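One structure is given here, and the rest of the page talks about it.
There are 2 protein chains.
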Amino acid sequence: MAPASHNAVGRPRTSSRTVIEDAAAELFLENTYALTTIEQITQRAGVSRNTFFNYFGAKSDVLWVELDAAIDRLAVELREIPNGQPALAEMRAATMRVVSDIGVDRVPLALTQVDVMGTAEETRVSGLARLARRSDLIADFLARQLQRRSDDLLVLSAANALSGAISAAWTVWARDGIGRRPLSDYMSEAFDVVSTGLSSALAAASSVE
Amino acid sequence: MAPASHNAVGRPRTSSRTVIEDAAAELFLENTYALTTIEQITQRAGVSRNTFFNYFGAKSDVLWVELDAAIDRLAVELREIPNGQPALAEMRAATMRVVSDIGVDRVPLALTQVDVMGTAEETRVSGLARLARRSDLIADFLARQLQRRSDDLLVLSAANALSGAISAAWTVWARDGIGRRPLSDYMSEAFDVVSTGLSSALAAASSVE
DNA sequence: TCTATTATTGGACTCAGTACAATATTATCC
DNA sequence: GGATAATATTGTACTGAGTCCAATAATAGA
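Residue numbers (my numbering), protein chains in the order written: chain H, 102 to 310; chain B, 102 to 310.
Here it is in structure tokens:
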């Protein structure tokens, strides 16, 4: 039984992986992320320290399981879009398809308990790695649709901006806690901001005020 | 003589700090970033290992000296803008003021020699920390101008998008190598993309093609 | 020169992450 | 079922970043 890749989407239930995830979540909440060692996690999970690294490439990976899965699905969605489609609209639609699946129970660990776990700074960096990965996916997609290189300034700017907006939606959604609206609501709003342009979005915001 | 803070903007010439920076730059180019240890750096610099940590909080900080300085200056510029100004225009102007100073010799180490140093993956993450710091600055500024909270979705989306676009400009500028145009050119282009909106920017791009 | 401040150093430590070989466990095929 | 191959788990040993703290050197100011 292969532990599959680190960001596997498939889920053999109650494997070592799951046990480790649960143990980690508990300990992060009890002692904060920073003060929890991998050894403690694997001890509670009843496996050896090395087994941790069979399933996760880094301690912080446990925090982002849900987000990684979402990014995996986005990659698939984008790959399946044929050439010559309206790039932004397709990009948005693909994101919305992925996000519509996400229920309240799928909040990335790092985002839910940012206060409780004292994860603010430590997890920030690892979260940014996800932003970067999503940027890459989007840049590749845009480059393909626009027939430009993926390190073209227009492509990169747009990809980074989109990934940043998506990230903002996740963050605010997670922080809104219980009673939050569906993630797709937040995502739509974030897309609106970058789609119509910051000049109009910000102007509208300040005139309303 | 205080080593000042980690991202000091002032420059006491030929202090331990400078010596360390130079030694690090040499070694990164010779042996790549990953294979260079802090011990090697301080050895060549003729100081003790601990002195490194007097000036830098992490090994990767050496890579981002120039960018950190630019972000410091951006922070100052933004702080000095009075309330009630058009947010996006001021933000853009402040960025351009900072960037107009940057000559060809001020390319962040991490960005120039990304190929030579094999820094691609390792430095990516530390670079993202800068993106985040800039996002925070921009979010605070926008929140003040728009009279909203700095974790508001509109504010965060816009801040992330802007920071992402700025990051793209730096990246492409650095990668263009010798013969590149001034950084401000790239920055203008990146701002245009997010200002006018991705829907028009991307539509224009695909119709041109 | 004396003194307070700050820079530098030494030493000991924790922990994440890597490498690799050894062993256990499960699946597959006959 | 039993042999065998594939994969999961573990043990051991290691590197190197980053932290802490106390000791000492260097410098500035009076």
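No residue lacks a Cβ here, since even glycine has one placed at the ideal position from N, Cα and C.
What you are looking at is a predicted structure, and each value in this text was computed from that prediction instead of being measured.
For N132 of chain B, report the span of its alpha helix (DSSP H) as first-last. Taking the first residue of the second sequence as position 1, residue 132 of chain B is located at position 31. 117-132 is the span of the alpha helix (DSSP H), which, as asked, contains N132 of chain B.
Interfacial residues, the stretch 150-183 of chain H to chain B, with Cβ spacing under 7 angstroms:
Listed by position along the chain: nothing, the set is empty.
Got a sec, what are the start and stop residues for the alpha helix (DSSP H) F157 of chain B sits in?
-> As a first step, residue 157 of chain B is located in the second sequence; it is residue number 56 there, counting from the start. Under the DSSP assignment, F157 of chain B falls outside any alpha helix (DSSP H); it carries neither an H nor an E label.
### Continuous alpha helix (DSSP H) stretch holding S201 of chain H: start and end
What you label residue 201 of chain H is simply residue 100 of the first sequence in a count that begins at 1. Residues 188-201.
inquiry  = Along the stretch 275-303 of chain H, where does the CB come closer than 8 angstroms to a CB of chain B? Name the residues.
reply    = R276, Y287, E290, A291, V294, V295, S296, T297, G298, L299, S300, S301, A302, L303
Review point. If you draw a straight line from the C-alpha of V256 of chain H to the C-alpha of A244 of chain H, how long is it?
Key: Taking the first sequence and counting its residues from 1, one reaches residue 256 of chain H at position 155. Taking the first sequence and counting its residues from 1, one reaches residue 244 of chain H at position 143. If I take the Cα positions, the gap works out to 6 angstroms.
What are the boundary residues of the alpha helix (DSSP H) that includes D253 of chain H? Mapped onto the first sequence, residue 253 of chain H falls at position 152. Note, D253 of chain H: premise wrong, no alpha helix (DSSP H); not H, not E.
- Item | Start-to-end residues for the alpha helix (DSSP H) that takes in E178 of chain B | Translated into positions along the second sequence, residue 178 of chain B becomes position 77. Looking at the DSSP string, the run of the alpha helix (DSSP H) that includes E178 of chain B is 166-180.
Discussion item. Suppose the cutoff is 7 angstroms on Cβ atoms and the five residues either side in sequence are ignored; what does the same chain contact list for R193 of chain B look like?
Written reply: Mapped onto the second sequence, residue 193 of chain B falls at position 92. So the qualifying residues of the chain are F292.
Mapping the DSSP letters down to three states, classify S268 of chain H as helix, strand or coil. Here residue 268 of chain H is taken as the residue at index 167 of the first sequence, counted from 1. Here S268 of chain H sits in helix by DSSP.
Please list, in chain order, all residues of the same chain as A126 of chain B whose beta carbon is under 8 angstroms from its beta carbon, the five residues on each side excluded. One-based indexing of the second sequence puts residue 126 of chain B at position 25. Non-local beta-carbon contacts of A126 of chain B in its own chain, meaning distances under 8 angstroms to residues more than five positions away in sequence, involve V163, L210 in chain order.
Helix, strand or coil, according to DSSP, for L303 of chain H in the structure here? Within the first sequence, numbered from 1, the residue matching residue 303 of chain H stands at position 202. Reduced to three states, the DSSP call for L303 of chain H is helix.
Exercise for review: Please decide whether L238 of chain B counts as near chain H, where near means a Cβ-Cβ distance under 8 angstroms.
Suggested key: In the second sequence, counting from the first residue as 1, residue 238 of chain B sits at position 137. So, not an interface residue.
| said: So, does the stretch 195-206 of chain B touch the stretch 164-177 of chain B, judging by three or more C-beta pairs under 8 angstroms? | reply: yes
For E140 of chain B and S149 of chain B, what's the separation of their Cα atoms in angstroms?
In the second sequence, residue 140 of chain B corresponds to position 39, counting from 1. In the second sequence, residue 149 of chain B corresponds to position 48, counting from 1. Each residue's alpha carbon lies about 8 angstroms from the other.
- request: State the DSSP-derived secondary structure class of F292 of chain B, mapped to helix, strand or coil.
  value: Against the second sequence, residue 292 of chain B aligns to sequence position 191. In this structure, F292 of chain B counts as helix in the three-state DSSP scheme.
Q. If the cut is a Cβ gap below 9 angstroms, which residues of chain H does V273 of chain B touch?
A. Reading the second sequence from its first residue, position 172 is the one you call residue 273 of chain B. D252, D253, L254, L257, S258, listed in chain order.
Quick one: list the residues of chain H neighbouring A270 of chain B, beta-carbon separation under 9 angstroms, in chain order. Taking the first residue of the second sequence as 1, we reach residue 270 of chain B at position 169. L254, L257, S258, listed in chain order.
Notebook entry, point to check: Which word fits N261 of chain B, buried or exposed, when buried means at least 16 other C-beta atoms lie within 10 angstroms of its C-beta?
Noted result: Here residue 261 of chain B is taken as the residue at index 160 of the second sequence, counted from 1. Burial call: buried.
Could you tell me the boundaries of the alpha helix (DSSP H) in which A146 of chain B lies? The residue given as residue 146 of chain B occupies position 45 in the second sequence. 139-146 is the extent of the alpha helix (DSSP H) around A146 of chain B.
Determine, using beta carbons only, whether R207 of chain B and E178 of chain B come nearer to each other than 8 angstroms. If you number the second sequence from 1, residue 207 of chain B lands on position 106. If you number the second sequence from 1, residue 178 of chain B lands on position 77. Not a contact, by the Cβ cut-off of 8 angstroms.
| query | Of all the options B:R231, B:Q186, B:L175, which has the alpha carbon lying nearest to the alpha carbon of T272 of chain B? | reply | As a position in the second sequence, residue 272 of chain B is number 171, starting the count at 1. Cα-wise, what sits closest to T272 of chain B is B:R231.
Determine the DSSP secondary structure at S227 of chain B, reduced to helix, strand or coil. Within the second sequence, residue 227 of chain B is the residue found at index 126, counting from 1. Three-state DSSP puts S227 of chain B in a helix.
Open item on the list: List, in chain order, every chain B residue whose beta-carbon is nearer than 9 angstroms to that of L212 of chain H.
Closed with: As a working note, residue 212 of chain H is residue 111 in the first sequence. Under the 9 angstroms cutoff, chain B gives no residues; its nearest Cβ is about 12 angstroms from L212 of chain H.
| message | Short of 7 angstroms in beta carbon distance, which residues of its chain neighbour I239 of chain B, apart from the five on each side in sequence? Order them along the chain. | response | Here residue 239 of chain B refers to the residue found at position 138 when the second sequence is read from its first residue. Same-chain partners within the cutoff: M192, A260, L263, S264.
Under a Cβ-count criterion, where at least 16 other Cβ atoms within 10 Å of its own Cβ denotes burial, should I203 of chain H be classed as buried or exposed?
-> Here residue 203 of chain H refers to the residue found at position 102 of the first sequence. When all chains shown are included, I203 of chain H counts as buried.
Tell me whether D277 of chain B sits in a helix, a strand or coil according to DSSP, three-state version.
-> Counting from 1 along the second sequence, the entry for residue 277 of chain B is found at position 176. Here D277 of chain B sits in coil by DSSP.
With H, G and I counted as helix, E and B as strand and the rest as coil, what does DSSP make of A135 of chain H? By 1-based counting over the first sequence, the position of residue 135 of chain H is 34. Three-state result, A135 of chain H: coil.
Where S149 of chain B sits in the DSSP three-state scheme: Indexing the second sequence from 1 puts residue 149 of chain B at position 48. It is coil, neither helix nor strand.
Spell out whether any CB of chain B is found under 8 angstroms from the CB atom of A126 of chain H. Position 25 of the first sequence, counted from the start, is the residue given in the question as residue 126 of chain H. Chain B contact via Cβ: absent.
Between S296 of chain B and the rest of its own chain, which residues show a CB-CB distance below 8 angstroms, the 5 nearest in sequence each way excluded?
Here residue 296 of chain B refers to the residue found at position 195 when the second sequence is read from its first residue. Correct list, in chain order: L189, R193.
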